[in-house]
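Enquirer: Residue numbers (UniProt numbering): 1 to 242.
Mind looking over this structure? Questions follow.
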Amino acid sequence: MSFYRSALFLSPVLKLLLNNYQTSSIVSNCCLVLAYPFFVNSVSASISCAKMRGGALEVLLVRAEGLKRAHLLGSSGHYVIIQCGKQTIKSKITTEIDERVWWNEKFRFVLPQLEFQEMPKLIARTMKQTKFLEDYSIGETIIHLSEIVMEGCEKGFVEIKPAAYNIVLEDGTYQGEMKLGIRYIPDVELKEQRNICTRNYCQQKKQSICRDLLSIALKRIPWSKLFFFQKCSAYEESKKSE
């Protein structure tokens, strides 16, 4: 509302500027400021109304076994950080029993279809939690997604039953296995929360850009000439009244 109050305050100023042929560019800048919110509202409304489609990748984290051991004081448990594109999910923390760590958790990643097509791999990083030191990475399990996504797009659905994948250590060697299951659904509707975030982002951008444009337009106005015209107008009105 503060923006519109500013526009109403400037309306007599714009009226005077219209009588000055040297300020046509300034008037156009001010008109652009006034028209911009309506343009952004129409764009954000079209984004919110459109149904965005994407793909869903479900990951079943079963267990890990044969993990590299490090006898550290205060060791407590293991967890997994799964990275799918720009999204990351952390599993629960569990302890090792009979050289196996069980999770039995399912995670779901929903992304635009284009991001899945450009995404080369899924990374599951096994972490060791400690009480007195920083948590550290034991190794990574890498699953290449290009063929999975391609098959899912062709068939409409693809599911890979839980299987054991190698855990790659930092030095490039293998030690331990992680059991994972993968399911890919190519055609799902993206969450409405994504559209809400887009609308909020548009509203914030609208307010900041309007302030910037209004500031630029105000700086370009020749205030000395404006006040001179205003004084002349007041003088002429006083002469007429006499």
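All residues carry an ideal CB built from backbone N, CA and C; glycine is no exception.
What distance in whole Å lies between the Cβ atoms of V62 and W103, which are believed to be in contact at a cut-off of 8 Å?
Expert: Between V62 and W103 the Cβ distance is about 7 Å, and since that is below 8 Å, they are a contact.
Enquirer: With distances taken from CA atoms, which of T141, G55, K68 is nearest I123?
Expert: Nearest of T141, G55, K68 to I123, Cα basis: T141.
Enquirer: With a threshold of 8 Å between beta carbons, is V62 in contact with chain C?
Expert: Absent here is chain C; the protein component of the structure consists of one chain.
Enquirer: So which of K68, E151, E105 has the shortest CA-CA distance to T94?
Expert: Out of K68, E151, E105, E105 has the C-alpha closest to the C-alpha of T94.
Enquirer: Output needed for Y136: all residues of its chain with C-beta closer than 6 Å, excluding positions within five of it in sequence on either side, in chain order.
Expert: Contacts found: K128.
Enquirer: Can you tell me the Cβ-Cβ gap for G66 and G176, rounded? I've got them flagged as a contact below 8 Å.
Expert: About 4 Å separates the two Cβ atoms, so the contact holds.
Enquirer: Please report the straight-line C-alpha distance between R183 and Q117, rounded to a whole angstrom.
Expert: In a straight line, the C-alpha of R183 is about 15 Å away from that of Q117.
Enquirer: Which value, in whole angstroms, describes the spacing of the CA atoms of E99 and R53?
Expert: Using only the alpha carbons, I get a separation of about 42 Å.
Enquirer: Which residues share a DSSP beta bridge with I142?
Expert: Answer by DSSP bridge pairing, in chain order: I123.
Enquirer: Taking the alpha carbon of Q173 as the reference point, which residue from A164, V188, K68, L180 has its own alpha carbon closest?
Expert: The amino acid occupying residue 173 in the given sequence is Thr; Gln does not appear at that position. Here the closest residue by C-alpha is K68.
Enquirer: By DSSP, does G156 sit in helix, in strand, or in coil?
Expert: Coil.
Enquirer: If you drop the 5 nearest sequence neighbours on each side, which residues of the same chain put their C-beta closer than 7 Å to that of K92?
Expert: Closer than 7 Å at the Cβ level, and outside the excluded window around K92, lie Y79, W103, E105.
Enquirer: Determine which residues share a DSSP beta bridge with W102 and list them.
Expert: Beta-bridge pairing links W102 to R63.
Enquirer: Express the C-alpha separation of V59 and I81 in angstroms, rounding to a whole number.
Expert: Distance between the alpha carbons of I81 and V59 is about 12 Å.
Enquirer: For the alpha helix (DSSP H) containing E118, name the first residue and the last one.
Expert: Here the alpha helix (DSSP H) through E118 covers 113 to 118.
Enquirer: Quick one: is F157 buried, meaning 16 or more other Cβ sit within 10 Å of its Cβ, or exposed?
Expert: Classification for F157: exposed.
Enquirer: Roughly how many whole angstroms lie between the Cα atoms of E151 and M119?
Expert: So the alpha carbons of these two residues sit roughly 15 Å apart.
Enquirer: Using the three-state DSSP reduction, which class does I89 fall into: helix, strand or coil?
Expert: Strand, per DSSP.
Enquirer: Tell me whether the beta-carbon of K121 lies closer than 8 Å to the beta-carbon of I148.
Expert: No, the pair does not count as a contact, with Cβ atoms beyond the cut-off.
Enquirer: Comparing alpha-carbon positions, which option in D171, F107, I97, E159 lies nearest C84?
Expert: Taking only the C-alpha atoms, the option nearest C84 is F107.
Enquirer: Out of A64, L57, P186, T88, point me to the one whose CA is closest to C153's CA.
Expert: When each option's Cα is compared against that of C153, the closest is P186.
Enquirer: When DSSP labels each residue in this structure, what does E147 get in the three-state scheme?
Expert: If DSSP states are grouped into helix, strand and coil, E147 belongs with the helices.
Enquirer: Note down, one range per segment and in chain order, each beta strand (DSSP E) of at least 3 residues found wholly within the segment 162 to 193.
Expert: Within the segment 162 to 193, the complete beta strand (DSSP E) runs of at least 3 residues are 174 to 189.
Enquirer: Quick check: G181 and K161, are their CB atoms within less than 8 Å of each other?
Expert: Going by C-beta atoms, G181 is nearer than 8 Å to K161.
Enquirer: Restricting to Cα atoms, I'd like to know which of T126, N166, K131, L145 is closest to V101.
Expert: Of T126, N166, K131, L145, the residue nearest in Cα terms is T126.
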